[in-house]
Each structure stands twice: as C-alpha cells, then as structure tokens.
Amino acid sequence: MEAAVSNGRLEVSCGNKIPKSTPCPRPVPGEASGGCSFDGAQITLIPIADAAHLVHGPIACLGNSWESRGSLSSGPELSAYGFTTDLGEQDIIFGGEQKLHESIRYIVSRFAPPAVFVYTTCVTALTGEDIEGVCKAESERLGTPIIPVNSPGFVGSKNLGTRLAGDVLFQQVIGTTEPEQTTSHDVNLIGEYNIAGEMWHIERLMQQTGMSILSRITGDGRFREVGWAHRAKVNMVVCSRALLGLAVQMERKYSIPYFEGSFYGARETSYSLRQMAYLTGDRDVERRVDKLAAREEMRLSLELEPYRKQLKGKRAVLYTGGVKSWSVITALQELGIKVVGVGTNKSTAEDVSRIAARIGDDAEYIPEGGARQILKTVRSRKADMVIAGGRNMYMALKEQVPFVDINQERHKAYAGYDGLLSLAKQLVHTLQHPVWGLAAKLAPWEEETEFAD
Amino acid sequence: MSERLNIVDHNQLFRQEKYVRQREGKRAFEAPCSPEEVTSTLEYTKTTEYKDKNFARTAVVVNPAKACQPLGAVMAALGFEKTLPFIHGSQGCTAYFRSHLARHFKEPVPAVSTSMTEDAAVFGGMRNLIDGIENCIALYQPQMIAVCTTCMAEVIGDDLSAFLANARQEGALPEDMPVPFANTPSFSGSHITGYDAMLRSVLETLYNKSGRTPQPGHELKLNVLLGFEGYTGNFAEMRRILELFGVPYTILGDHSSNFDSGATGEYSYYYGGTPLEDVPKAADAAGTLAIQQHSLRKTLGYIKRTWGQQLSSISTPLGIRATDRLLEEISRLSGIEIPEALKQERARILDAMMDSHTYLHGKRVAMAGDPDMLIGLIGFCLELGMEPVHIVCSNGDRKFEKEAELLLKSSPYGTEATVHCGQDLWHMRSLLFEDPVDLAIGSSHLKFAAKEANIPLLRVGFPIFDRHHLHRYPIIGYQGALNLLTQFVNTILDVMEEQAPDHSFDLVR
Numbered sequence: 001m002e003a004a005v006s007n008g009r010l011e012v013s014c015g016n017k018i019p020k021s022t023p024c025p026r027p028v029p030g031e032a033s034g035g036c037s038f039d040g041a042q043i044t045l046i047p048i049a050d051a052a053h054l055v056h057g058p059i060a061c062l063g064n065s066w067e068s069r070g071s072l073s074s075g076p077e078l079s080a081y082g083f084t085t086d087l088g089e090q091d092i093i094f095g096g097e098q099k100l101h102e103s104i105r106y107i108v109s110r111f112a113p114p115a116v117f118v119y120t121t122c123v124t125a126l127t128g129e130d131i132e133g134v135c136k137a138e139s140e141r142l143g144t145p146i147i148p149v150n151s152p153g154f155v156g157s158k159n160l161g162t163r164l165a166g167d168v169l170f171q172q173v174i175g176t177t178e179p180e181q182t183t184s185h186d187v188n189l190i191g192e193y194n195i196a197g198e199m200w201h202i203e204r205l206m207q208q209t210g211m212s213i214l215s216r217i218t219g220d221g222r223f224r225e226v227g228w229a230h231r232a233k234v235n236m237v238v239c240s241r242a243l244l245g246l247a248v249q250m251e252r253k254y255s256i257p258y259f260e261g262s263f264y265g266a267r268e269t270s271y272s273l274r275q276m277a278y279l280t281g282d283r284d285v286e287r288r289v290d291k292l293a294a295r296e297e298m299r300l301s302l303e304l305e306p307y308r309k310q311l312k313g314k315r316a317v318l319y320t321g322g323v324k325s326w327s328v329i330t331a332l333q334e335l336g337i338k339v340v341g342v343g344t345n346k347s348t349a350e351d352v353s354r355i356a357a358r359i360g361d362d363a364e365y366i367p368e369g370g371a372r373q374i375l376k377t378v379r380s381r382k383a384d385m386v387i388a389g390g391r392n393m394y395m396a397l398k399e400q401v402p403f404v405d406i407n408q409e410r411h412k413a414y415a416g417y418d419g420l421l422s423l424a425k426q427l428v429h430t431l432q433h434p435v436w437g438l439a440a441k442l443a444p445w446e447e448e449t450e451f452a453d
Numbered sequence: 001m002s003e004r005l006n007i008v009d010h011n012q013l014f015r016q017e018k019y020v021r022q023r024e025g026k027r028a029f030e031a032p033c034s035p036e037e038v039t040s041t042l043e044y045t046k047t048t049e050y051k052d053k054n055f056a057r058t059a060v061v062v063n064p065a066k067a068c069q070p071l072g073a074v075m076a077a078l079g080f081e082k083t084l085p086f087i088h089g090s091q092g093c094t095a096y097f098r099s100h101l102a103r104h105f106k107e108p109v110p111a112v113s114t115s116m117t118e119d120a121a122v123f124g125g126m127r128n129l130i131d132g133i134e135n136c137i138a139l140y141q142p143q144m145i146a147v148c149t150t151c152m153a154e155v156i157g158d159d160l161s162a163f164l165a166n167a168r169q170e171g172a173l174p175e176d177m178p179v180p181f182a183n184t185p186s187f188s189g190s191h192i193t194g195y196d197a198m199l200r201s202v203l204e205t206l207y208n209k210s211g212r213t214p215q216p217g218h219e220l221k222l223n224v225l226l227g228f229e230g231y232t233g234n235f236a237e238m239r240r241i242l243e244l245f246g247v248p249y250t251i252l253g254d255h256s257s258n259f260d261s262g263a264t265g266e267y268s269y270y271y272g273g274t275p276l277e278d279v280p281k282a283a284d285a286a287g288t289l290a291i292q293q294h295s296l297r298k299t300l301g302y303i304k305r306t307w308g309q310q311l312s313s314i315s316t317p318l319g320i321r322a323t324d325r326l327l328e329e330i331s332r333l334s335g336i337e338i339p340e341a342l343k344q345e346r347a348r349i350l351d352a353m354m355d356s357h358t359y360l361h362g363k364r365v366a367m368a369g370d371p372d373m374l375i376g377l378i379g380f381c382l383e384l385g386m387e388p389v390h391i392v393c394s395n396g397d398r399k400f401e402k403e404a405e406l407l408l409k410s411s412p413y414g415t416e417a418t419v420h421c422g423q424d425l426w427h428m429r430s431l432l433f434e435d436p437v438d439l440a441i442g443s444s445h446l447k448f449a450a451k452e453a454n455i456p457l458l459r460v461g462f463p464i465f466d467r468h469h470l471h472r473y474p475i476i477g478y479q480g481a482l483n484l485l486t487q488f489v490n491t492i493l494d495v496m497e498e499q500a501p502d503h504s505f506d507l508v509r
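Sequence order for the protein chains is B and E.
1 is the number of the first residue of the first sequence in full-length UniProt numbering; add one for each residue after it.
1 is the number of the first residue of the second sequence in full-length UniProt numbering; add one for each residue after it.
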C-alpha cells in the first residue's frame, strides 16, 4: 500500500462512503468556518523566525492572530512581533501606500531583519494598493528583500493560502542565497512548522543517520536558509499537500526529487527516513536508517507495551486539518486505537484517499465543521475521546468527552518515535483522569432519587 | 494508575543537553551576529535615544493592544438568548473571533460566516448573505441572528439593510425573526466600539419590533449594562449586589452563561443570555446603569434619546471609591438604601487593604488595556497607595485621556503618570526600560515586555490566554476589590520570596 502511495497512485478499494473532495473547497456561507487564505499564508511564513512579518490592513487581521501559533524558534524571535499598518478610515479612502512605505522603512531601520514579508489583507486587496510596487521600491532603496504576499482572506481557504505562500517562497526566496557548504545528504523539510519543537526531534533522528536538514520550510527556519533550499538533494513534504506545489516546482526547476511523508507514528517515521535515504542515493545512509529504525521500533514497542494494553480497542474521533488528517490515523492505529470518525474539512482529495486507505468504510467522514456533526459522530460511534484542535476542544468537554489537543497550541511534541510514546502517554493519562469518572457518576442526591423511584 | 503523569513539554524537553548541542550546531548555518553584538543592540533598545525613535514612529503599529470591531459585536450578540452571531465577510475573520474568545473564556463559541470569496468581492455579498442565513437557520435554529460586517463588506459597500430585506422577500429569512445588524469595519474603532454598535442595534431592533411606546419609570426595574466584559464573574457579582439591594433588574447583554456553562454531558449552542422579550420591556424601567461608559456611548445615547429614562454611567467599578459610586448610583436610580450587608463588606475589604498596604505602598505600576478598565485600575491603584506611571491605551480617545488625567491629578500618587492613547505595547516596552516600574497590569500580550523588564505581570483585562479561570472571579465591587488585592499582594510576596536571601526567607508576612 505504501508503495502505491509514494507513486502518487492509490489503487486501493476505498468503499463507497468516501466523500469526494476537491482541493481547497469553497467555503459554505452560514457555517462555522476555518481560517482564510491570509491565515494560511501567515502561518506558513511566520515560522521563518528572523524575518519581520508586516500585515498591511486594518487591525483585525493581526489584532486577532498574533502570538497564537506554537511554532518554536531556537534563536531569533522577530517573527513573533506583531507588525501592522493598522489602517484607519482615512487610509482606506486616501490610500495606505505611504504608510506602508514608512512602516517598512521603520522596521528595517529599527529591527534590521534579513527580510520583511508584507501581507495583503482583504481590505488592501480591494482598495487596490500597489503592494508589489511598494515592496519593490523599498527593496531597492533599502537593500533588504521586501516580499509581498498576495493572499487576501477572500480568495479562499487556509489551504489555498498555504499554497500561495509556497509560491511566494518559490518565486521570491528560494534560489536567492547559497549555502556555505553542502553535502550529498541534504534534505529540505517542507511543511513542518516545529509546533512544540517537533522538528527538533526529527532533526536528531536525521543527524543520527548522517542526513542533515538544509532548509527548514518553515519551522524554526531562517530567511537565508530558505533561500538556499535549491541546493538540497531531497525534498520531503511533511503530511500536507498544501505545499506539494512547491516541491513539484522545485523538482521541475532544480531537479530535486520529492516525496510525501509524515512523522506521526513509528511506521510513518521509519518510512519517511527510509524514503529520504533512498532518494539521497547513498547506500550507507540507507543502512544506517534501517539500523536506526529497527532499533527505535524495537525500543518503542517495548516502551509502548503498557500503554498499548490500556489503549487497545479505544475509539477516537479525529478532527483536524489536512496536515494531520491521515498521518495521525496511522499513529493511533499503532497504539491500537480505532478511529471511528474523521474530519475531512480541510483535506484534499489525495488526503481523503489516504484516510480511506487507512480506515475505509469503517469510520464516519465528517466533511463540514460544526460541533453538532462531530458530537453526533462521537455519540453514534460510541467514541471514547475526541482528538482535535482548540476551537473544538470546549464543546467536547461540555459533553464530558476526554479530549486531546493535536493542533497548533499544544505544548507537547508528538512527532517521531519518542513523540508516539508521548502521545500514547498523553492519551492514557487523559482517559484515566478522575474527572471523567466523577462526571459519569450521578450526584449523590440524584442517586437517592433513583432509589426512591 | 500505574505511573505518574510525566510527559515533558517543550519547556523542559529542549533543555536536555542533546537538544542544546543540536541547536548550537545549527548556528553554523545561520551567519548569526556575535553574542556581543546581540547584547549591545539589546541594550541600545533600552535607551532613551531608542525610546525617542520609537515614539517618533507613526506609520507602523508594533504589538497592538486592541482587537477589531466585529470581535466585540460577536460578544454583544452572545449576550442574548438563542442568538447566533453572523459575520458578513470572508471566512477567516470568524475563525479568528471564535478562537480568540474560546482561548480567553475556555468555552466553545458559536459564530458563522457568510464566507465571501473573490466573486462576492466583485459582485457583492448578497447571495452569500441570503444563502448563509438559510443555511445557518437550518443548522443552528437560532431565535435571532445578529449580523455584523467585516472590513471586506464595508469596503465594497454591501448594503445590509437592503440585503436583509431581500432575504425576507425571498423567504430565506422568516418574517418574524429579528435580525439586528451593525456596521463594524475594523478600520475604525476597536472591539469596544463593535460591542457598542451591536448592542445598540439589538436593543433598537427588538424594541422597534415590539411596537411599544416607552413608559419610563412604569416599572421599578433597573437596566444594567456591563459592556465588553471579559469577566463572567463580574456578572455574578453584579447580580449579587442587585439582589442584596432587592432591586429588580434586567441585564442588557448578559453573555456570562454562554461563556460559563457547565459540563453537563450535552453540548448546546445556546446556554443563556438576556431573554429577547425582556428587551422591549426594558424601555419601561426606572433607569439604566452602565458600568462601562467609554465602551457604550452609542447604546447609552440610544437609550437616552428613545427610551428617555434616568441614565447613569460609570467606568468599571474597581476598588472602594468606584464601588461606593456604583452603590450610590443603584440607590439613586432605584430609591432603595444601600443595604447593611454591603456596608459591612466594605469595612471588611478596607480591613484587608490595611492588612496588605505596606507591601503595596509606593509600588510603581505600568498598565495597558481598554479605557474603562484603565480608569478603574488607576482609581484602585491610587487607593492602594500604588503609583500608576505608564498608562497605555491603544483604543483610548481624547475623552478618556482627560478623564484619566483628572483622576490621576486627584491623588499625590498619580503625579508621575503619563497617559498614552493610541500607542502600542512596543511603546510600552520603551517606557518600561526608560523609567522602570515594579509591576505591570494588563492582558497576556503584555507578558513579553514585562518579562524583558523583569517585572511581574498582573493579568487583568482581555484577553487572558495564558492563565486559567481568572475571568470566573469578579473584579468589580468590594468582593472584586478583594480578589484583585489578593492577586496583587500575593504576586508581590511571591517575587519577594523568590529574591529573598536565606536569612530573609521568613514565615510571616
């Protein structure tokens, strides 16, 4: 099955309940919605930690979003600063380009970043601000790359924004710098955002096999580092297809082979490392990966045993973005958990077929958002827990359903072999917490009434 | 339980030596500055010269301390029974509002979007609005839909009033469903203006729909408005006070139960809020009392003009004096004397303040937040003998500034203070270095500047993302004053203890 996946053709019978999904589906009016393209572009680029990220628009887009991602940086923190032109009514009427000029100059003079990303928002796209012109002029004037990101919220979904950000990187960043040294084992990670430091785990594993990360796109990334991504030997697209376009373009232009993989679960981790090693074409590295994978899987299976016992047969509803939709399923399956429901809201067609390949018709597909849908599945499928992100956490808790946060705000890293162990522990502890028992039992006076009846 | 919970989070995990070494190794690829350069630049950003450059900045906002209008409108909408906030614009805004409020209150937030896309940008968002209304009624069965706009709808000039009329004509929107709407572009005002605009629209819509004429004073009730209120505990405290008075009341816009529901085993989209039929009746009340005046200007103007009742508005009643004023106003509007129980409470809180005063006296404070909250905080600090020094209000205007300055002048502890309206948290950072203080009061966003300045942050206001349950405790009234006092003095004691050498690590404080 995995071989079929890596060839991009999935020839597995998927049953008949699998939803048809189109890439970046149009949002439906009147429903609770996910993020917009601006959001997608921003979360893709913000992990480039040493760059400044300037939002050209009214307060809303930055005021509601800054400091809210869990992407960690090992050094610079500039990307955590909230920069915005905070346009007012006058700027909408008379134009905000001058303000943008001044903002860029101020940021460059005071913070001296290697680059400034300037984000269009709905407003500045609609009022027709010449953001590209301003960025070009300021780039020339200041000698610092000022990079326009044309991804206003209204063009579509978060996934689309991620794609557009990928285009920005391909067209304006990658190929602009040269690394001091390269090896034949240099890999780019694309679409890994270092949430809770996950990338650092992966990096350690890679180092142990003699491979190294040339460019982090973009978790814990640096602007210059992304610039020399074209010198890598392999591109790995982590979990998400939203940045696949970037890998495809890099293959065409720079002949860098790519593959899609994930680090959730031991099987996916070993597969990804093997694939990386295979594409570097170095037999030694491949052998080292084999050894590492065997060793780690063995160790992990011993360490996981007590948790597997407790998790076996437990039923989970998974509601997450396209990024983790299928890969987390494998991780959960390795722990003996049955995924009885899965959100496909932000998944692409390819993601959906991968989900299908893993769970087939056995699970409920939840194509659209809305708490009701998720909870309906939890009830009808008798799920023991919900695994999702922050926006859906509290409604699960209202229903007294154990919940594990898998999205950008979590503080624990679940990637790699150690990550799977952490995830297993987290799941066991969550399920065992005394509060569920307390909630499941009636209050003493309610029990008495029952006796009275 | 076979094993104790021990899953290291990134806080501890990446301090392990192997990761530290890995990170050091990475620097080779970064072309970083030398540590000396980093230190000297950092030091430079703490100088007066840098501060002047920072304050000369006009175009760019760095680390804002405000959010946008529709966020407030969503909060206002959730103050009413079975009301669905409906945001007309592109979809991301709604997702932001839902996470923003969910992160603060730790509660689910129902809100939907018209999800406008490029074609709507060109042809207008009417189709999205009508389809959206039809969809959300089917999905969420609301009793009322509260529509607010985003920048996008405002820029293309969508006419909500006409669109809603068309929706009714098409039958997508039932004739009897009230749909208040507010124009809330983010390029003017902030979350508090948006709250105000939506609340006003709700009152007006429901009142007009009832076809009544106002008979102010017909009922011996009080209308109470809490405004953009991040504390569910404040609603409970307000109720308790009014119940001690024995005065009947209607809270106009009570979002507390929607943001503080129980884990009963069944999730619902709507948990409470002011009943819709109470709104027209509110026009007959003896008076209206608002405990946020800067955030409720339009609403109060509407009540004054249309309902014609006695009106009283004060800023958030934090501390003794402000609570005294609150009780006097309740007493004045209702004609009921201040109850004995509250008088005793006052004496007890004064006692608590005396117990703690030595630790708070003379402490220099920086604060950032919304106008009404800041007025309350300044007042309380002055009562505690604390000295407000830097006051940053991103969404404050001239009127607020004047009031704040007047209040500061009223006490010798206020003489050092400067009020900075329209400034942001990067300005605040400069202020903290140029003229250091002992502690900072504000939202979670202030924690970075406070950490750099090596002072504790007392989390008061909105949003508080990084602490749990603070919003469940009241900060208004005498009881609220005690809660804040407890938080203030114990934070200071914590810091003292952390810094204490062995011989000063004493038991009794």
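Glycine is no exception: its CB is placed at the ideal position from the N, C-alpha and C atoms.
Residue interval of the beta strand (DSSP E) (run including residue i)
i: Tyr-106/B; result: Run containing Tyr-106/B: none in the beta strand (DSSP E); it sits in the alpha helix (DSSP H), 97-111.
i: Gly-442/E; result: 439-442
i: Phe-86/E; result: 83-88
i: Met-385/B; result: 385-388
Selection from the options that minimises the alpha carbon distance to residue i
i: Ala-95/E; options: Gly-389/B, Thr-430/B, Gln-426/B, Gln-400/B; result: Gly-389/B
i: Gly-265/B; options: Ile-374/B, Tyr-414/B, Leu-246/B; result: Tyr-414/B
i: Asn-63/E; options: Gly-70/B, Ile-107/B, Glu-89/B, Leu-72/B; result: Ile-107/B
i: Tyr-307/B; options: Leu-332/B, Ile-93/B, Glu-446/B, Val-289/B; result: Leu-332/B
i: Asp-119/E; options: Gly-133/B, Ile-131/B, Pro-148/B, Gly-156/B; result: Gly-156/B
i: Ile-291/E; options: Pro-142/E, Thr-415/E, Met-238/E; result: Met-238/E
i: Pro-174/E; options: Asn-183/E, Leu-164/E, Ala-182/E, Phe-181/E; result: Leu-164/E
i: residue 535/E; options: Lys-209/E, Ala-453/E, Thr-415/E, Gly-125/E; result: Outside the shown range of chain E (1 to 509) lies residue 535/E, about which nothing can therefore be said.
i: Leu-72/B; options: Leu-45/B, Val-238/B, Ile-195/B; result: Ile-195/B
i: Glu-211/B; options: Lys-412/B, Asp-284/B, Ser-68/B; result: It should be pointed out that residue 211/B corresponds to Met in this sequence rather than to Glu. If we check each option's Cα against that of Met-211/B, Asp-284/B comes out closest.
i: Leu-333/E; options: Ala-286/E, Lys-343/E, Arg-472/E; result: Ala-286/E
i: Ser-37/B; options: Tyr-119/B, Met-393/B, Ile-146/B, Ile-337/B; result: Tyr-119/B
i: Ile-7/E; options: Val-428/B, Val-149/B, Ala-316/B; result: Val-428/B
Chain B residues whose Cβ lies nearer than 7 Å to that of residue i
i: Ile-133/E; result: Gly-30
Beta carbon proximity, residue i to chain B, threshold 8 Å
i: Pro-108/E; result: yes
i: Asp-370/E; result: no
i: Asp-159/E; result: no
i: Thr-232/E; result: no
i: Leu-139/E; result: yes
i: Thr-193/E; result: no
is_contact[residue i, chain E] using C-beta, thresh 8 Å
i: Ala-439/B; result: yes
i: Ser-73/B; result: no
i: residue 498/B; result: In the structure displayed, chain B extends from 1 to 453; residue 498/B sits before or after that span and is not available.
i: Glu-11/B; result: Bear in mind that a pLDDT of 37 at Glu-11/B, under 50, signals an unreliable position, so the number given afterwards is only what the model happens to contain. No, because no Cβ of chain E sits closer than 8 Å to the Cβ of Glu-11/B.
Residue interval of the alpha helix (DSSP H) (run including residue i)
i: Thr-48/E; result: 48-56
i: Ala-153/E; result: 151-156
i: Glu-296/B; result: 283-311
Under 8 Å by beta carbon: chain E residues contacting residue i
i: Asp-39/B; result: Gly-92, Ala-95, Tyr-96
i: Ser-33/B; result: Gln-91, Gly-92, Thr-94, Ala-95, Val-112, Ser-113, Ser-115
Proximal chain B residues relative to residue i, where beta-carbon distance stays under 8 Å
i: Leu-150/E; result: The residue you asked about is not Leu; residue 150/E is Thr in the sequence shown. Here the neighbours are Ala-60, Cys-122.
Closer than 9 Å at the beta carbon, the chain E residues around residue i
i: Leu-126/B; result: Ala-121, Cys-151, Met-152, Val-155, Ile-156
Give the residues from the segment 380-414 of chain B that approach chain E closer than 7 Å (Cβ to any Cβ), ordered along the chain.
-> Cβ contacts with chain E: Gly-390, Arg-391, Tyr-394, Met-395, Leu-397, Lys-398, Glu-399, Gln-400, His-411, Lys-412, Ala-413.
Note down, in chain order, all residues in the segment 326-356 of chain B with a beta-carbon under 8 Å from any beta-carbon belonging to chain E.
-> Interface annotation for the segment 326-356 of chain B against chain E: empty, criterion Cβ-Cβ distance under 8 Å.
Scan the segment 55-68 of chain B for residues whose Cβ lies nearer than 9 Å to a Cβ of chain E and list them as they occur along the chain.
-> Of all residues in the segment 55-68 of chain B, Gly-57, Pro-58, Ile-59, Ala-60, Cys-61, Leu-62, Gly-63, Asn-64, Ser-65, Trp-66, Glu-67, Ser-68 have a Cβ within less than 9 Å of some Cβ in chain E.
Using Cβ-Cβ distances below 8 Å, what residues of the segment 378-402 of chain E are close to chain B?
-> Residues passing the 8 Å Cβ filter: none.
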